[in-house]
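Asks: What follows is a structure written as structure tokens; I'll ask about it next.
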Amino acid sequence: MAAAGPSNILARRVNNDLIYFNGKTSLPKYMKFFFLQQIVETFRFINTMRKEVQTAKNYITRLNALIAEIKDIGDAYDVFDTLMCLRDDIQDENTKQVG
1 MAAAGPSNIL ARRVNNDLIY FNGKTSLPKY MKFFFLQQIV ETFRFINTMR
51 KEVQTAKNYI TRLNALIAEI KDIGDAYDVF DTLMCLRDDI QDENTKQVG
């Protein structure tokens, strides 16, 4: 039915709730289909959120590197150049994601 290990906890909880509400220990086949479909959608959502978290971590790392670089730069024109390059990089990355 579902994968073994920590990811199986969600399936077990849903199954236990269905047994509690229904009073039966087995699920009809049509219920099992919807049950499995919901689990797959939940895992897809979790994976999407993991990707978003990783993207946010990457942005934070890049921002910290930029802050360190700006601290080392003394000239205001160099700081402006660095910020414009960062803006262009972000626009290019967003264009890649959209297109």
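Residues 1 to 99 (full-length UniProt numbering) are what the sequence shown spells out, left to right. Note that the Cβ used here is the ideal one computed from N, Cα and C, for glycine as well.
1. Assuming I73 and T82 make a contact with CB atoms under 8 Å, what is their CB distance in whole Å?
2. Could you check where the alpha helix (DSSP H) with I90 kicks off and where it finishes?
3. Taking 8 Å as the threshold (C-beta atoms), are I39 and L86 in contact?
4. Rounded to whole angstroms, what is the Cα-Cα separation between T42 and N58?
Replies: The short version:
1. 7 Å
2. A76 to V98
3. no
4. 24 Å
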